[in-house]
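Chains as they are written, first to last, in the numbering used here: chain A, 158 to 458; chain B, 52 to 457; chain C, 36 to 387.
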């Protein structure tokens, strides 16, 4: 029973990481219709920026805010400089550009900061919250921060004119242009926001998985799966999807363990937990092709 | 013999110099890749793709040979070190090594990196009779002079190291119940096989064996499973990132077993500090290289020489990376081997000399560890010493352990 | 246009068959190593062709073709290692196994489109190495250690080197597969495939069994890539699960896009690019360091990324698309001002 609780808690904590990155993926998807494979590496890079600032003596929260702002600028610049000229290129060409970006961010970070892992501090007080033995204070903090970011994004899209303009630009660019929305800047803004959310994700993750240039490589897939399971166009769904994937994966390992205990035969374990979790995710997607919370888009022929 | 070499390595290896000058009187003989002016050495290493973190090894070796050339080369010959990017992909390694052997015509390869990659070229090199020296992998299959007379390993293999841990556990822990965390690839498997062999009849002491993939974000789930098994010994076969995660998580959930950590993750700043010093007191590991991040070597003459060299030839490098000590030491061994060949630079003689080191001191190895090889012993470094973590540093204890690999 | 390109093709084929015979005469230029390199390019070209059939001609995205490559390679390796099959017999076996796997995977894939299909195939690429390491399959697959094989021997005592023979062997397989693909694409089925890519709903209303075509295309595509995997197992003489990581699939995708989506010739270019990209990235990075005197140490991986982005900038439709466009614009400028004027008036007519 204790293991069960701990596995759920650790699944939730991991899920919060996936949820954070999934949010960033959704941000770009909502505004540009692309899945950014370089999202994880961009988040990693932002985290290094905040680490560098801290090593120069800046305090955690100031470094946090600066890194998020710088990431926003970085996202906007990438959209304007690299992606804008490729506006009419086929989707797969854009995917290749994302892979190129991934390689560049990864190797440049490695060249500047080396591939050795670095510790990254946690902003949350050590003992004041968290449930001893089940979930640590940082893990709980990550869950909270994820929910706060989600709330902020929700409010932004729902209640501000800019958020409305962004949604309009994504859903129907021509109509939006007609009513005076500067659609191309909305795309850049989407990139900036995604990079900023990614930075938050990276900074939250880094304490748990440690800072290194490859820290996001595994996480991106989970985030991708989480975003899709929740419904790729829906920030709330993406967050829930991230949590689902995190818990599901641990539960597969847990079930495999119990099964082995009961029958004495190894059937599934840690080696297969990701595979099994993904099979479940894909099965869900074949039943509900738009994700759990996604709306089916009706196409007019 | 250059006089500055003495200051460079701290005045050791006098025996090597003697044997080197003895052969020097012999007639000049060359195979592909060696001339009066030049010796070509080949190397493969991932510089791109997910394993590019190993790239520093190739970079450091390149710098080492540059420094050798700056000192006038070896017996008057310049070294041309050709290092190619294989992206840690065996298929690519075959391509690269064939280029090195057939197009560039190197005399030998040195320290080609990776177990799957070296497995892919193992047969080829031995068919072509090209020396494949000091491969950079901890697998135990590289020292088989009978079947593969042209391949030689370098570091103590994982298998032997794991046997040592197993024996230590059986001798020192009362009623051990062992939990094992293992990276699910050939490196993890090698340790695991060795560990089981070391336990022998007591193999059922392992109560739980869990694995992780390098792509897993965390090993929290695995650590919880280990605790739940009721294990009182934790054998940790993982790379620094996951070693630190698991040791920290163990402390977090209140699991306090006796901990044995593999040498791969035995560095202070990349594993022990991120895990939290308070969480890793008493952890035991085996070492054979001096950890550049461990304060106890700050005043060590060899490590000082190494730092000076790094400052000159790799000024922007991160001195905390043990890979640099590794690359430096293996290049030093290669240099000594070539020196001993004198003017007889045939592939056969190179293998003969590589298999003829007697207690050669190589900088970077722990005090007392030397390189010895013979025509039947193709394992250059075999000794390790156990160390226990105390405060913020490792403390060596017990004797050097030599284990003959099978 | 069509006639001249046919002539080109025959010339190229003749050259491909005759040049290796020069090995005894020009051993430095036509060396065993170069023949081997070209063989690996052809193998990559077959794999990229398989992906192209699915993505380029049928519009289904796959980020996981490395999985089929792995299945093909392992089918060949296990048959050679455990059952002592001759290497040439493993090709049809790998094709059949991969067709079945691809077809079965195509069934749930029917329900998935775009990004969802990308995720599913991505997951497949991730799962296959894990399955190869699975505890109960270790006896067959050799687990993480992989399987070491023998290189194909020269048959009938032909006066050839192993690499020469390997080259011909791969070349013949590739020519047959290309011929098959070209014929298929020109047939009724090929047109149906492309119709589904261009407008699935319209294709459906025209009476095309879209589900059947999509799943069978998945199977054929997997079979092609699987054959490439089987060939590579023979050529490299070694298979291990960690050779087939997700990066392999991504590199096939890069080969496809850089070569040219929806173009058979593009697949060949993609195969060549696939093999050369690492070498050229490293060469460029040393060039930047030594000859341009760059202070910052540009790693090969950075150059690789820059290379991709620049290529997509210059030729968003891939190399074959870019070259085609270039030839077209050169032709129109060669035809002189007259032609341009003609074109201009035509345009005017059109706008009126």
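Quick reminder that beta carbons are idealized off the backbone N, C-alpha and C, glycines included.
- prompt: Relative to the ligand GTP, is the shortest distance from any of its heavy atoms to the C-beta of residue 209 (chain A) smaller than 7 Å?
  reply: In terms of ligand content, the structure shown is empty, and the ligand GTP therefore cannot be addressed.
task: Quick one: measure Cβ to Cβ for residue 400 (chain B) and residue 424 (chain B), integer angstroms, because I've assumed they're closer than 8 Å.
output: Actually they do not touch by this definition, with Cβ atoms about 14 Å apart.
- prompt: By how many angstroms is the C-alpha of residue 135 (chain C) removed from the C-alpha of residue 333 (chain C)?
  reply: 45 Å
message: On the DSSP letters alone, give me the boundaries of the alpha helix (DSSP H) that residue 249 (chain C) sits inside.
response: 245–271
message: Between residue 325 (chain B) and chain A, is any beta-carbon pair separated by less than 8 Å?
response: yes
field: Opposing strand residues paired with residue 148 (chain B) [DSSP bridges]
entry: The partner list for residue 148 (chain B) (beta bridge, DSSP) is empty, contrary to what the question assumes.
Between the CA atoms of residue 403 (chain A) and residue 302 (chain B) - distance to the nearest angstrom: Using only the alpha carbons, I get a separation of about 22 Å.
- request: Less than 8 Å between the CB atoms is what I'm expecting for residue 182 (chain B) and residue 405 (chain B), so what's the real figure, rounded?
  value: 7 Å
Contact with chain A by residue 263 (chain B), beta-carbon distance below 8 Å: yes
message: Suppose you measure from the CA of residue 275 (chain C) to the CA of residue 101 (chain C); what does that come to, to the nearest Å?
response: 13 Å
query: Considering only the beta carbon of each residue, do residue 125 (chain C) and residue 114 (chain C) sit closer than 8 Å?
result: yes
- request: Could you work out which residues of chain A lie near residue 334 (chain C), taking near to mean beta carbons separated by less than 9 Å?
  value: Against chain A, a Cβ distance below 9 Å from residue 334 (chain C) picks out 264, 265, 267 and 268.
- prompt: Are at least three pairs of beta-carbons, each pair with one atom in the segment 349–359 of chain A and one in the segment 175–186 of chain A, less than 8 Å apart?
  reply: yes
message: By the three-class DSSP mapping on this structure, what secondary structure does residue 231 (chain A) have?
response: helix
task: Taking only beta-carbon positions, decide if residue 164 (chain A) is within less than 8 Å of chain B.
output: yes
message: Strictly below 8 Å CB to CB, what residues from chain C border residue 99 (chain B)?
response: 313, 316, 317, 334, 335, 336 and 339
Neighbour list for residue 205 (chain A) in chain B, Cβ cutoff strictly below 8 Å: Result: empty, since nearest Cβ-Cβ is about 14 Å, beyond 8 Å.
- request: Give every residue of the same chain whose Cβ lies closer than 6 Å to the Cβ of residue 133 (chain C), excluding the five residues on either side of it in the sequence, and list them in chain order.
  value: 103, 106, 107, 257, 258 and 261
- prompt: How would you list, in chain order, the residues of chain C whose beta-carbon sits under 8 Å from the beta-carbon of residue 299 (chain B)?
  reply: Proximity of chain C to residue 299 (chain B) at the Cβ level (cut-off 8 Å) is not reached, the minimal Cβ distance being about 26 Å.
query: Can you tell me the Cα-Cα spacing of residue 219 (chain C) and residue 263 (chain C), whole angstroms?
result: 19 Å
message: Distance check for residue 425 (chain A) and residue 85 (chain C), CA to CA, integer angstroms please.
response: Each residue's alpha carbon lies about 32 Å from the other.
field: Members of the segment 135–169 of chain C that neighbour chain A once the beta carbon cut-off is set at 8 Å
entry: The segment 135–169 of chain C vs chain A, Cβ under 8 Å: 143, 146, 147, 148, 150, 151, 153, 154, 155, 157, 158, 161, 162, 165, 166, 168 and 169.
- request: Use the C-beta contact count for residue 117 (chain C): other C-beta atoms within 10 angstroms, 16 or more gives buried, fewer gives exposed.
  value: Exposed, because fewer than 16 other Cβ atoms sit within 10 Å of the Cβ of residue 117 (chain C).
- request: Sort out for me which residues DSSP pairs residue 96 (chain B) with in a bridge.
  value: B:136
task: Please go through the segment 310–348 of chain A and give each complete alpha helix (DSSP H) segment of 4 or more residues, from N-terminal end onward.
output: 318–328 and 330–335
task: Quick one: grab the DSSP three-state call for residue 447 (chain A).
output: coil
message: Suppose you measure from the CA of residue 406 (chain A) to the CA of residue 334 (chain B); what does that come to, to the nearest Å?
response: 30 Å
Proximity test, Cβ basis, 8 Å: residue 138 (chain B) and chain C: yes
query: Where does residue 89 (chain B) fall in DSSP's three states?
result: strand
message: Within the continuous alpha helix (DSSP H) that includes residue 212 (chain B), where are the two ends?
response: Under the DSSP assignment, residue 212 (chain B) falls in the alpha helix (DSSP H) whose first and last residues are 209–223.
field: DSSP state of residue 274 (chain A) mapped onto helix, strand, coil
entry: Of the three classes helix, strand and coil, the one that applies to residue 274 (chain A) here is coil, per DSSP.
Residue nearest to residue 212 (chain B) in terms of C-alpha spacing, selected from B:338, B:161, B:310 and B:198: Of the candidates B:338, B:161, B:310 and B:198, the one whose C-alpha sits nearest the C-alpha of residue 212 (chain B) is B:338.
field: 8 Å Cβ cutoff, residue 276 (chain A) in contact with chain B
entry: It does; some Cβ of chain B falls within 8 Å.
field: Collapsed DSSP secondary structure at residue 73 (chain B) in the structure displayed
entry: Caution is warranted here: a pLDDT of 46 is assigned to residue 73 (chain B), below 50, making its placement in the model unreliable, and the coordinate value is therefore given only provisionally. The answer is helix: DSSP assigns residue 73 (chain B) an H, G or I state.
query: Interface residues of chain B around residue 174 (chain A) at Cβ under 7 Å?
result: 268
query: Going along the segment 235–266 of chain A in order, which residues come within less than 9 Å of chain C, judged by CB to CB distance?
result: Residues of the segment 235–266 of chain A with a Cβ closer than 9 Å to any Cβ of chain C, in chain order: 239, 242, 243, 245, 246, 247, 248, 249, 250, 251, 252, 253, 254, 256, 257, 258, 259, 260, 261, 262, 263, 264 and 265.
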